[in-house]
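Counting from 1, position 224 in the sequence shown corresponds to residue 208 in the working numbering; the numbering is continuous, with no gaps.
Just so you know, even glycine gets a beta-carbon here, dropped at the ideal spot from N, CA and C.
None of the values given here were measured: they were computed from a predicted structure.
The structure under discussion appears below in the form of structure tokens.
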Amino acid sequence: MADAEIAGLAEIRDYLADLYRDLHRHPELSLQETRTATVLAKRLRDAGFDEVAEKVGTTGVVGVIRNGDGPVVMLRADFDALPVEEKTGLPYASTERAVASDGREVPVMHACGHDMHATCLVGAATLLARSRQEWSGTLLVVFQPAEELAVGARGMVDDGLFERFPAPRIVLGQHVAPLPAGFIGYGTGPVMASMDSLDVTLHGRGGHGSRPEATVDPVVMAANVVTRLQGVVSREVPPAESAVVTIGRLQAGTKDNIIPDRAELGINIRTYSAHTRDLVRSAIERIVRAESEASAAVSEPDLDWFGSAPVLVSEPAATETTMAAFAQHFGQQRLHTMPQVNASEDVGVFGDVLHVPTVFWFWGGLEPESTITAIREGRSDQLPSNHSPFFAPLIEPTLSTGVEALVIAARTWLDRS
Ligand code: ZN
Ligand code: ZN
């Protein structure tokens, strides 16, 4: 299957490697990906797509090939970068800086490999466009912004993605990972955690550091909240369930002898089931409100749940079917099952809103030999992983493997002509 497409890969490998280096050198923060979107839309038009749309959900790009009767199959890649200073030392390393949403100037890097995702999807889209005589159905190609904020998929759906373009019967996607290059890792069922972000503001009464009796100290209030929240996972979540509650941001005050009037906490949670997610969310709200009241806060705390991604479920039957096709193409020795990943992905939003299966897999980007040795010796934690300033997938065989995987997956679900 897909022999015609795979044979065509040799011809476009250099073109894709150049595209990858270009995207890597010019990363853009979430919801600012205008240059990247323009480049990707042009590549789809060059590939002969019938329909290419830009600015779907801010900066999203959509391409469609209607190729006769048959199922609608969606391939998805994300393309945003992160506020990380690149330290790979590569000749095509990023030196870009940008202004983040809070006004600060930050370095920018494709530290999560989304440039590789986008390049591989251009490759697969190009090969599938060239081999229309081999398959029938409709190919929907979606380049999604702002995955790192977990808002990009939702933004595209809310902007009418599935009303303006054909709704797929399956969503296919992949993520490059700190696995040996050339290898594919997958799981079935819940493969990545759900994620929720919460901003909390606690309201005290400010005053002189020497007169605590005249104030309500939000620093002490915040400290109690932080300690108390440690009990949610250890005392309230059943031991067989997994959950994470992290307070990644804690801010109050300007000077040692001033008691401030407010304290802010940024809280992030990860869970694997709707039940645990509800339990953790309501426990956090209960504790924040109760500690605030116990401290005689001058007003109710503000709670703002500002970002969320659902549990990513790689639908078991569809995943097995897709992996059987991968095994046939790559060989079983290049396929490995993986444990659940505690990071999150908003790709699941697309399939969830349509009630259709999502199949999602990981593929390796690191130098194979040293990576296999590190994993064997239990040193996999020391490998440069996503979001590290040193994360730099090898261009090959990562690029070819990623393109082949998308093509094989798409051909598994499209009809033969
Ligand atoms: Zn990431
Ligand atoms: Zn990512």
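What number of angstroms, rounded off, separates the C-alpha of Pro294 from the C-alpha of Asp62?
16 Å
Under three-state DSSP, which class holds Leu133?
coil
Continuous alpha helix (DSSP H) stretch holding Gly332: start and end:
Gly332 to Leu338
What residues match up with Trp345 in a beta bridge as DSSP calls it?
Gln158
Can you give me the Cβ contacts of Arg50 inside the same chain, cut-off strictly under 7 Å, excluding the 5 residues immediately before and after it?
Asp34 and Thr122
Tell me which residue opens and which closes the beta strand (DSSP E) that Pro91 is part of.
Glu89 to Pro91
Proximal residues to Ser181 (C-beta, below 6 Å), its chain only, five neighbours per side dropped:
Asn252, Phe290 and Gly291
Need the endpoints of the alpha helix (DSSP H) that Phe314 sits in, please.
Pro300 to Phe314
State yes or no: is the C-beta of Gly188 within less than 8 Å of the C-beta of Arg60?
no
Distance check for Thr20 and Tyr4, CA to CA, integer angstroms please.
11 Å
If you reduce the DSSP assignment to three classes, tell me which class Gly288 lands in.
The question names Gly, but residue 288 in the sequence shown is Asp. Three-state DSSP puts Asp288 in a strand.
Contact between the segment 251 to 271 and the segment 297 to 310: three or more CB pairs below 8 Å?
no
Specify the secondary structure class of Lys26 as computed by DSSP and reduced to three states.
helix
Fully enclosed by the segment 43 to 114, which beta strand (DSSP E) runs are 3 residues long or longer?
44 to 51, 56 to 62, 81 to 83 and 89 to 91
Helix, strand or coil for Ile251, going by three-state DSSP, please let me know.
strand
Where Glu277 falls, given that 16 or more other Cβ within 10 Å makes a residue buried:
exposed
Heavy atom of ligand 1 within 7 Å of Cys104 beta-carbon
no
Residues passing the C-beta test against ligand 1 heavy atoms, cut-off 6 Å:
Cys96, Glu132, Asn370 and His371
Applying the 10 Å Cβ sphere with the 16-neighbour rule, what's the burial state of His339?
exposed
Assuming Val92 and Pro11 form a contact by the criterion Cβ under 8 Å, report the distance between their Cβ atoms to the nearest whole angstrom.
5 Å
Stretch pair the segment 109 to 121 + the segment -14 to -7: three plus CB contacts closer than 8 Å
yes
Own chain partners of Arg29 with C-beta closer than 7 Å, once the 5 adjacent residues on each side are dropped:
Val36
Chain-order list of residues whose beta-carbon lies under 7 Å from that of Val343 (same chain, five-residue window excluded):
Ile154, Leu156, Ser298, Glu299, Ala302, Thr303, Thr306 and Ala393
Within 7 Å: the Cβ of His98 and any heavy atom of ligand 2?
yes
With respect to 7 Å, is the separation between the Cβ of His159 and the closest non-hydrogen atom of ligand 2 below this value?
yes
Check whether the segment 184 to 201 touches the segment 229 to 244, taking contact to mean three or more Cβ pairs, one atom from each stretch, closer than 8 Å.
yes
Beta strand (DSSP E) runs wholly inside the segment 202 to 249, at least 3 long, in chain order:
227 to 236
Suppose the cutoff is 7 Å on Cβ atoms and the five residues either side in sequence are ignored; what does the same chain contact list for Ala25 look like?
Val36, Glu38 and Val45
Just curious, the alpha helix (DSSP H) that Ser404 is in, first and last residue?
One cannot answer for residue 404 here, as it falls past the ends of the chain, which runs -15 to 401.
Would you say Ala376 and Thr72 are within 8 Å of each other, going by their C-beta atoms?
yes
For Ser115, which residues of its own chain have a beta-carbon under 6 Å away from its beta-carbon, when the five flanking residues on both sides are left out?
Ala(-12) and Glu(-11)
DSSP beta-bridge partners of Gly191:
Ile243
How far does the beta strand (DSSP E) with Gly121 in it reach, from first residue to last?
Trp119 to Gln128
Mind checking who Pro174 pairs with in its DSSP beta bridge?
Val297
In three-state DSSP terms, what is Val282?
coil
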